[in-house]
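Going by this note's numbering, the first residue of the sequence shown is number 2, and it counts up by one from there.
By construction, the Cβ of each residue, glycine as well, lies at the ideal position given by its N, Cα and C atoms.
All of these numbers come straight from a predicted model, not from anything done at the bench.
Report on one structure; see the data block that follows.
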Amino acid sequence: MRRALLGLFAGTAAYGFALGSAHSELYATRNLVKLPLLVVVTATICSMSYFVAARALRTSHTFAEVQQHAWRLFVDLGLLLGSLSPAVFFVARVARATDDGKLGDYDKFLAFNLACVAFAGTIALVRQSRELFSSRETSPTRARSLVFAWLALSLFVGGQVAFTMRPLFGFPATRGNTPPWFVGREHDLRGAANFYEAVLQTLAHPPLPEWLRGG
């Protein structure tokens, strides 16, 4: 298990460094700590929530079984994110080299990383849920319902934890500033109060405040 956790920390640290490279060396270096911490906090909350969902759907899985597979899920996630980090680093450096120093490709880069995390998380969840269900007889309908519930919980918890632990890569306009490690529940620079509003902004693409646009 120790080796697995080391893989989790190494993979998420590599991904975090690649992510922060889109903004600055400061963000990239901080993310060596912040991304592993984000995943550990999310895993801790989700592992408990997964068991509650399993009980609600009346499966026969024990608390220990759910905890074991939940943590393996996040270990798999860390390894998958680590494997994606070279591609993310390349995209981050290209985006940084070509941005306008204001908004740049922030929304596209955010959407790209959301897709990477969702892809890796879904693969990890499906793999671990198959192993969990193979150990006990669970009806296909109940198994699908539980996987969907766990996926929804993962997105809800992980998204909001990530929003609370901002900034992870930030707007190009803030380059040169030294923000706090975590901004918590403060609204972001375009007014989003939570992760879900921030995601909607990637579609609406609202401008930055005038003081950051030089207006």
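- According to the DSSP assignment, residue 194 belongs to no alpha helix (DSSP H), since it is labelled neither H nor E.
- DSSP places residue 23 in no alpha helix (DSSP H); its state is neither H nor E.
- Residues of the same chain with a CB within less than 8 Å of the CB of residue 168, apart from the 5 flanking positions on each side, are 24, 28, 175, 180, 184 in chain order.
- Residue 159 and residue 43 have their C-alpha atoms roughly 5 Å apart.
- For residue 182, the number of other beta carbons within 10 angstroms of its own is below 16, and it is reported as exposed.
- The residues 152, in chain order, have a CB closer than 8 Å to that of residue 123 in the same chain once the five nearest residues on each side in sequence are set aside.
- Assignment of residue 32 by DSSP, reduced to helix, strand and coil, places it in the helix class.
- In chain order, 58 place their CB closer than 8 Å to the CB of residue 146, counting only its own chain and leaving out the 5 sequence neighbours on each side.
- Rounded to whole angstroms, the gap between the alpha carbons of residue 26 and residue 98 is 13 Å.
- It is roughly 11 Å from the alpha-carbon of residue 92 to the alpha-carbon of residue 111.
- By a beta-carbon distance limit of 8 Å, residue 13 contacts residue 79. Their separation comes to about 5 Å.
- Of the residues assessed, residue 149 falls on the exposed side of the cut-off, its CB having fewer than 16 other CB atoms within 10 angstroms.
- When the five nearest sequence neighbours on each side are left out, the beta carbons in the same chain lying within less than 8 Å of the beta carbon of residue 129 are those of 70, 71, 73, 74, 77, in order along the chain.
- Going by beta carbons, residue 164 and residue 119 fall outside the 9 Å limit.
- In terms of Cβ geometry, residue 121 and residue 156 do not form a close pair [threshold 9 Å].
- A distance below 9 Å separates the beta carbons of residue 108 and residue 203.
- At a cut-off of 4 residues, the continuous stretches assigned as alpha helix (DSSP H) that sit fully inside the stretch 121 to 199 are 141 to 165.
- When the Cα atoms are used, residue 5 and residue 208 turn out to be separated by approximately 42 Å.
- For the pair residue 35 and residue 17, the CB atoms are nearer than the 9 Å cut-off.
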